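Peer 1: Under the working numbering, read the sequence shown as residues 296 to 475, first letter to last. Note that the Cβ used here is the ideal one computed from N, Cα and C, for glycine as well. What you are looking at is a predicted structure, and each value in this text was computed from that prediction instead of being measured.
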Amino acid sequence: MELDLVAQLITSIATFLVAVILLQQLFKQNKELNLQHKDSERDHMFQRFVSFQSIAVEITRTKEIADIWVKGANNWKNLIEDSEKLIFRNLYNLQCNMMMNNWEKSSPTERVNAAKMCITTEGTATVYKYYQRRPIYNHSSDMGKLWDKIYEETWGESLDNFDKEKVIPYGKFHDEVKDS
Numbered sequence: 296m297e298l299d300l301v302a303q304l305i306t307s308i309a310t311f312l313v314a315v316i317l318l319q320q321l322f323k324q325n326k327e328l329n330l331q332h333k334d335s336e337r338d339h340m341f342q343r344f345v346s347f348q349s350i351a352v353e354i355t356r357t358k359e360i361a362d363i364w365v366k367g368a369n370n371w372k373n374l375i376e377d378s379e380k381l382i383f384r385n386l387y388n389l390q391c392n393m394m395m396n397n398w399e400k401s402s403p404t405e406r407v408n409a410a411k412m413c414i415t416t417e418g419t420a421t422v423y424k425y426y427q428r429r430p431i432y433n434h435s436s437d438m439g440k441l442w443d444k445i446y447e448e449t450w451g452e453s454l455d456n457f458d459k460e461k462v463i464p465y466g467k468f469h470d471e472v473k474d475s
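1. State whether the segment 351–369 contacts the segment 324–336, with contact taken as three or more CB pairs (one from each stretch) at a distance under 8 Å.
2. Can you give the Cα-Cα distance for F479 and N392, rounded to whole angstroms?
3. In chain order, which alpha helix (DSSP H) runs of at least 4 residues are fully inside the segment 365–407?
4. Buried or exposed: which applies to S307, given that a residue is buried once 16 or more other Cβ atoms fall within 10 Å of its Cβ?
5. Between S475 and the rest of its own chain, which residues show a CB-CB distance below 8 Å, the 5 nearest in sequence each way excluded?
6. Can you list, in chain order, the residues of its chain whose CB lies under 6 Å from that of S402, leaving out five sequence neighbours each side?
7. Determine whether the beta carbon atoms of T419 and G451 lie at a separation below 9 Å.
8. Buried or exposed for R421, please, with buried defined as at least 16 other CB atoms from any protein chain shown within 10 angstroms of its CB.
9. Give every residue of the same chain whose Cβ lies closer than 6 Å to the Cβ of W371, excluding the five residues on either side of it in the sequence, and list them in chain order.
10. So is F468 buried or exposed if we call it buried at 16+ other beta carbons inside 10 Å?
11. Can you look up K467 in the DSSP assignment and give me helix, strand or coil?
12. Rounding to the nearest angstrom, what Cα-Cα distance links L304 and L318 in this structure?
13. Using a threshold of 9 Å, state whether the C-beta atoms of K411 and G439 are closer than that.
14. Check whether the Cβ atoms of Y387 and Y423 sit closer than 9 Å, and answer yes or no.
15. Tell me whether R337 is buried or exposed, calling it buried when 16 or more other Cβ atoms sit within 10 Å of its Cβ.
16. Return the CA-CA distance between L321 and A314, expressed in angstroms with no decimal places.
17. Taking DSSP as the reference, what is the three-state secondary structure of D362?
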């Protein structure tokens, strides 16, 4: 009988030691996963920075493109040539795509600041209204609602009744397309 008791005690101690070792392995694995997560977040932040820098580089790549950006941002009507309008629209589209890609990871303050940066000049507000609003809503209705709110606060115009589903194809522009 004593031998059975000793065997049970040894088995219990061995089971306990295995449980402790497994628990240590779980803690170690959890720590490694946390480090990987932090590395992933750091990489994502770096990619956001690189994306933003890439757009800045593109806008300032040549004097001509920088001039188009400045003219267009100040007022869409400053853009005379269709090629200028297309370049400005594409640069703005790049900027908005970056904002859409960062939407989920952004804080509420970053989201508001991004929207303000993208729609508080006359030219950028025009491109948002006519070209970028639909893609933003398609990406996230919450993002679209926030941008519309900031647009209205900035420009005093509600976009509630503005048809965001109307698609103006590349090479055509809102100030030359006539409604049928």
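Peer 2: On the basis of the supplied data:
1. no
2. The requested residue 479 does not occur in the structure, where the chain is confined to residues 296 to 475.
3. 377–397
4. If you number the sequence shown from 1, residue 307 lands on position 12. With fewer than 16 Cβ atoms within 10 Å of its Cβ, S307 is classed as exposed.
5. Here the question's residue 475 lines up with position 180 in the sequence shown. Reliability of the predicted coordinates at S475 is poor, the pLDDT of 43 falling under 50, and the value obtained from them is presented with this limitation in mind. Nothing listed; no residue qualifies.
6. Along the sequence shown, read from residue 1 onward, the residue named residue 402 stands at position 107. For S402, where only same-chain residues beyond five positions count, there are no Cβ hits under 6 Å.
7. Residue 419 sits at position 124 when you count from the first residue of the sequence shown. Residue 451 sits at position 156 when you count from the first residue of the sequence shown. No, the Cβ-Cβ distance between T419 and G451 is not below 9 Å.
8. Within the sequence shown, numbered from 1, the residue matching residue 421 stands at position 126. Just to set this straight, residue 421 is Thr in the shown sequence, not Arg. Looking at its Cβ environment, which holds 16 or more other Cβ atoms inside 10 Å, T421 is buried.
9. Indexing the sequence shown from 1 puts residue 371 at position 76. Excluding residues within five positions, the ones whose Cβ falls inside 6 Å are G418 and T421.
10. Here residue 468 refers to the residue found at position 173 when the sequence shown is read from its first residue. F468 comes out buried.
11. Numbered from 1 along the sequence shown, position 172 holds the residue referred to as residue 467. Correct three-state label for K467: coil.
12. On the sequence shown, position 9 is the one that residue 304 refers to. On the sequence shown, position 23 is the one that residue 318 refers to. One C-alpha to the other measures close to 21 Å.
13. As a first step, residue 411 is located in the sequence shown; it is residue number 116 there, counting from the start. As a first step, residue 439 is located in the sequence shown; it is residue number 144 there, counting from the start. Not in contact: K411 and G439 (Cβ atoms no closer than 9 Å).
14. Within the sequence shown, the letter at position 92 stands for residue 387. Within the sequence shown, the letter at position 128 stands for residue 423. Contact flag set, yes.
15. By one-based count along the sequence shown, residue 337 stands at place 42. Under this definition R337 is an exposed residue.
16. For the purposes of this step, residue 321 is identified with residue 26 of the sequence shown, where counting begins at 1. For the purposes of this step, residue 314 is identified with residue 19 of the sequence shown, where counting begins at 1. Cα to Cα, the separation comes out at about 10 Å.
17. As a working mapping, residue 362 is identified with position 67 in the sequence shown. Three-state result, D362: helix.
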